[in-house]
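*Asks:* Residue numbers (my numbering): 693 to 1276. Here a beta-carbon is modelled for each residue, glycine too, at the ideal position from N, C-alpha and C.
1) Counting only the same chain and skipping the five closest in sequence on each side, list residues whose C-beta sits under 7 Å from that of residue 1253.
2) Since residue 1108 contacts residue 1051 with CB under 8 Å, what's their CB separation in whole angstroms?
3) Under three-state DSSP, which class holds residue 1295?
4) Report, in whole angstroms, the separation of the C-beta atoms of residue 721 and residue 711, which I expect to be a contact under 8 Å.
5) Drop a sphere of 10 angstroms on the beta-carbon of residue 829, count the other beta-carbons inside from all chains shown, and report buried for 16 or more, exposed for fewer.
6) With DSSP as the reference, label residue 911 as helix, strand or coil.
7) According to DSSP, is residue 784 helix, strand or coil?
8) Buried or exposed, going by whether 16 or more other CB atoms sit within 10 Å of the CB of residue 808?
9) Tell me the rounded alpha-carbon separation between residue 1230 and residue 1155.
10) Please identify the residue among 886, 897, 1082 whose C-alpha is closest to the C-alpha of residue 1274.
11) Give the straight-line distance between the Cα atoms of residue 1115 and residue 1041, rounded to the nearest whole angstrom.
12) Please name the residue, chosen from 1124, 1098, 827, that lies closest to residue 1191 on a Cα-to-Cα basis.
13) By Cβ distance below 8 Å, which residues in the same chain neighbour residue 693 in space, the five residues on each side in sequence not counted?
14) Could you check how far apart the C-beta atoms of residue 780 and residue 726 are, in whole angstroms? I think they sit under 8 Å.
15) Got a sec? Which residues, its chain only, sit under 8 Å from residue 772 by beta carbon, not counting five neighbours each side?
16) Helix, strand or coil for residue 693? Go by DSSP, reduced to three states.
17) Can you tell me which of 1088, 964, 936, 911 puts its alpha carbon nearest to the alpha carbon of residue 874?
18) Could you spell out where the alpha helix (DSSP H) holding residue 1156 opens and where it closes?
19) What residue ranges within the segment 923-989 form continuous alpha helix (DSSP H) runs of no fewer than 4 residues, ordered along the chain?
20) Considering residue 847, what are the terminal residues of the beta strand (DSSP E) in which it resides?
21) Using DSSP with H/G/I as helix, E/B as strand and the rest coil, what is residue 773?
22) So for residue 1004, helix, strand or coil by DSSP?
23) If the criterion is Cβ atoms closer than 8 Å, does the pair residue 1038 and residue 1112 meet it?
24) Within 10 angstroms of the Cβ of residue 1220, are there 16 or more other Cβ atoms? Answer buried if so, exposed if not.
25) In terms of residues, what are the limits of the alpha helix (DSSP H) holding residue 1103?
26) With distances taken between CB atoms, is the gap from residue 1101 to residue 1056 smaller than 8 Å?
27) Less than 8 Å between the C-beta atoms of residue 890 and residue 866, yes or no?
28) Beta-carbon within less than 7 Å of residue 805's beta-carbon, same chain only, minus the 5 sequence neighbours each way: which residues are those?
29) Which two residues bound the contiguous beta strand (DSSP E) that contains residue 1225?
30) In this structure, how does DSSP classify residue 1256 when only helix, strand and coil are distinguished?
31) Could you tell me which whole alpha helix (DSSP H) segments of length 4 or greater appear in the segment 997-1063?
32) Go ahead and label residue 1268 buried or exposed: buried means 16 or more other beta carbons lie within 10 angstroms of its beta carbon, across all protein chains shown.
33) Does the beta-carbon distance from residue 1131 to residue 974 come in below 8 Å?
34) Quick test of the definition: if touching needs 3 or more C-beta pairs under 8 Å, does the segment 1158-1166 touch the segment 1005-1012?
35) If you draw a straight line from the C-alpha of residue 1204 to the C-alpha of residue 937, how long is it?
36) Check this for me: beta carbons of residue 1242 and residue 1083, under 8 Å apart or not?
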């Protein structure tokens, strides 16, 4: 009977050590980097436990507390070894990681069973010799300095174990995040602290793809935390990211080492709303998100997106607005944006074409009156920067250059009228969709405004009006106000709108977000670099339908996110107390 009681401890204990030994073999790595440390560390720790276990088997009860303590740390040490082995230059096959993870799970479960029997209240009843030895040599608490040191070590041990347990909980169950930006205003403000549920999202062991199965099916409106696909996810970057995340977890969000090459904190992970679902094709125009599917071929507004998209932060309640650090648009700017969109939608393309032809003819007449050969062609297509901001800022120098340069009138004619060839024969979208049509129209509005500025300015120059008087001219002031509106809208273009995504195939057939992938956006659309954007601006034409199209600095580069990069869903805000509550 006594032997069977002792076997209740030694069977799981030696099974734990056997699994640890096999785990150590899977940690063998021959690269001359940090992965080389995994095998000796895991083997040495397991061997030391084996040594103490043998002493315990020989009835050395002093080994009981040592074995207990070592078993408590064993899963954490092996997890660290797993990370070390994966942190080297070269990885290991998926099946190899699966076996290693299963061995770790076996060690974790078996060690819990062994620790159950090693508990102070149970272990001495397993063998008469242990119980007799305990009675003969009862534990005596130290006194004085020794007791203070003992208590301190005990507290340190409890703290370290608590930290490791929290680490496991944050990897596989829930994690705490602090909101770093205002991309999700008004739902989240900077400094809000939220609880993210991870288990259903399929959390994985650090630096591997092995983990729990992903059971969560995300729906539109879910607030998710996910890895930022804008950053590199190669092995070197992932080691740095995982290390910083571990430090972030262990310091309870106090230390963030996750920084880019410039030393700036990475926006990783991100917190955004799920806006697009698998099987959808999206487009956004004038702040309205549209979606279509194979079953419903027409784009229709996504009403749910309008419920959480925040375009005008001036309309927030006073208390929330007080805590917002940056209001992207003033009331005047917001009204200008709405007015610009209304004018663009109401633009009569045929009338605009006639006006642009007349502006070109007016400029030719002015140039001819100054003795210029207006029929001569001397300026190439790219002779002038077509960047919208520079066109408006440099309208005066552009006017004088066109009046003085060979072929200036011919270039201005091409600039003002080349787009007309792309006008549709019927009442349909230019470019085939609402986004392309809107940018085509915006390009015309800018050209018409700039054309009026140049033509009127040229006429004033012909009449000998000084530059100071020209700038104060009433019509010039009105045109410059229109230019301000148009330039501001171009600056907002990529935050306010999005092209058809995924883009249609080369044959024009619709493409859709793949299964298992989602599209995310922040609520504060004017202050959110999200899955619509890249982090590197590039000069882009407003429309490909015009060889002389106005250009702008674009960051538009929409992409979807595979569900394997989704870490979890936000479920509860616990700070600040005044905003505490379940996240809906």
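*Replies:* Once the coordinates are examined:
1) Taking the first residue of the chain shown as 1, we reach residue 1253 at position 561. Sequence-distant Cβ neighbours of residue 1253 in its own chain, meaning closer than 7 Å and more than five residues away, are 918, 921, 1209, 1210, 1212, 1223.
2) By 1-based counting over the chain shown, the position of residue 1108 is 416. By 1-based counting over the chain shown, the position of residue 1051 is 359. Yes, residue 1108 and residue 1051 are in contact; Cβ-Cβ is about 6 Å, under 8 Å.
3) Any question about residue 1295 goes unanswered here, given that the chain covers just 693 to 1276.
4) Start at 1 with the first residue of the chain shown, and residue 721 comes out as number 29. Start at 1 with the first residue of the chain shown, and residue 711 comes out as number 19. Not a contact, Cβ separation roughly 19 Å.
5) Counting from 1 along the chain shown, the entry for residue 829 is found at position 137. The residue is exposed, with fewer than 16 neighbouring Cβ atoms inside 10 Å.
6) As a position in the chain shown, residue 911 is number 219, starting the count at 1. In the structure shown, residue 911 sits in coil (DSSP, three-state: anything other than H, G, I, E or B).
7) Numbered from its first residue, the chain shown carries residue 784 at position 92. Looking at residue 784 - three-state DSSP - the assignment turns out to be coil, as it is neither helix nor strand.
8) Sequence index remark: in the chain shown, residue 808 carries index 116 (1-based). Counting C-beta atoms within 10 angstroms of its own C-beta, residue 808 has fewer than 16 neighbours from the protein chains shown and is therefore classed as exposed.
9) As a first step, residue 1230 must be located in the chain shown, where it is residue number 538. As a first step, residue 1155 must be located in the chain shown, where it is residue number 463. Taking the straight line joining both Cα atoms gives about 41 Å.
10) One-based indexing of the chain shown puts residue 1274 at position 582. Nearest option by C-alpha distance: 886.
11) Position 423 of the chain shown, counting from 1, holds the residue named residue 1115. Position 349 of the chain shown, counting from 1, holds the residue named residue 1041. So the two alpha carbons sit approximately 8 Å from each other.
12) Residue 1191 sits at position 499 when you count from the first residue of the chain shown. When the alpha-carbon of residue 1191 is set against those of 1124, 1098, 827, the nearest one is in 1124.
13) Position 1 of the chain shown, counted from the start, is the residue given in the question as residue 693. With a pLDDT of 48 at residue 693, under the threshold of 50, the modelled position of that residue is not reliable, and the figure given next carries that caveat. Excluding residues within five positions, none has a Cβ falling inside 8 Å.
14) Within the chain shown, the letter at position 88 stands for residue 780. Within the chain shown, the letter at position 34 stands for residue 726. Their Cβ separation, rounded to whole angstroms, is 6 Å, which keeps residue 780 and residue 726 in contact under 8 Å.
15) Sequence index remark: in the chain shown, residue 772 carries index 80 (1-based). Within the same chain, and ignoring the five residues on either side of residue 772 in sequence, the residues whose Cβ sits closer than 8 Å to its Cβ are 733.
16) For this step, residue 693 is matched to residue 1 along the chain shown. Residue placement at residue 693 is flagged as unreliable, the pLDDT there being 48, under the threshold of 50; a coordinate-derived value is accordingly withheld.
17) Here residue 874 refers to the residue found at position 182 of the chain shown. Among 1088, 964, 936, 911, the Cα nearest to that of residue 874 is on 964.
18) The sequence position of residue 1156 within the chain shown is 464, counting from 1. It is not in any alpha helix (DSSP H) - residue 1156 carries neither H nor E in the DSSP assignment.
19) Qualifying alpha helix (DSSP H) stretches, in chain order: 927-942.
20) Taking the first residue of the chain shown as 1, we reach residue 847 at position 155. If you look at residue 847, you'll find it isn't in any beta strand (DSSP E); it sits in the alpha helix (DSSP H) that goes 836-864.
21) To locate residue 773, count along the chain shown from 1; it is residue 81. Correct three-state label for residue 773: helix.
22) Position 312 of the chain shown, counted from the start, is the residue given in the question as residue 1004. Residue 1004: coil per DSSP, three-state reduction.
23) Reading the chain shown from its first residue, position 346 is the one you call residue 1038. Reading the chain shown from its first residue, position 420 is the one you call residue 1112. Between residue 1038 and residue 1112, the C-beta gap is not smaller than 8 Å, which leaves the two residues out of contact.
24) In the chain shown, counting from the first residue as 1, residue 1220 sits at position 528. If you draw a 10 Å sphere on the C-beta of residue 1220, you find 16 or more other C-beta atoms in it, and that means buried.
25) The count along the chain shown starts at 1 and reaches residue 1103 at position 411. From DSSP, the alpha helix (DSSP H) with residue 1103 extends over 1100-1109.
26) Walking along the chain shown from the start, residue 1101 turns up at place 409. Walking along the chain shown from the start, residue 1056 turns up at place 364. Taking a C-beta distance under 8 Å as the contact criterion, residue 1101 and residue 1056 qualify as a contact pair.
27) Taking the chain shown and counting its residues from 1, one reaches residue 890 at position 198. Taking the chain shown and counting its residues from 1, one reaches residue 866 at position 174. For residue 890 and residue 866, yes; Cβs fall inside 8 Å.
28) For this step, residue 805 is matched to residue 113 along the chain shown. A distance below 7 Å between beta-carbons, with the five flanking residues on each side excluded, links residue 805 to the following residues of its chain, in chain order: 704.
29) In the chain shown, residue 1225 corresponds to position 533, counting from 1. In the DSSP annotation of this structure, the continuous segment of the beta strand (DSSP E) that includes residue 1225 starts and ends at 1225-1233.
30) Numbered from its first residue, the chain shown carries residue 1256 at position 564. If DSSP states are grouped into helix, strand and coil, residue 1256 belongs with the helices.
31) Listed in chain order, they are 1010-1015, 1023-1038, 1041-1061.
32) The residue labelled residue 1268 in the question sits at position 576 within the chain shown. Exposed, because fewer than 16 other Cβ atoms sit within 10 Å of the Cβ of residue 1268.
33) For the purposes of this step, residue 1131 is identified with residue 439 of the chain shown, where counting begins at 1. For the purposes of this step, residue 974 is identified with residue 282 of the chain shown, where counting begins at 1. The answer is no: Cβ separation not under 8 Å.
34) No, because fewer than three Cβ pairs between the segment 1158-1166 and the segment 1005-1012 fall closer than 8 Å, the two stretches do not touch.
35) On the chain shown, position 512 is the one that residue 1204 refers to. On the chain shown, position 245 is the one that residue 937 refers to. Their Cα atoms are separated by approximately 33 Å.
36) For the purposes of this step, residue 1242 is identified with residue 550 of the chain shown, where counting begins at 1. For the purposes of this step, residue 1083 is identified with residue 391 of the chain shown, where counting begins at 1. Here residue 1242 is near residue 1083, since their CB atoms are less than 8 Å apart.
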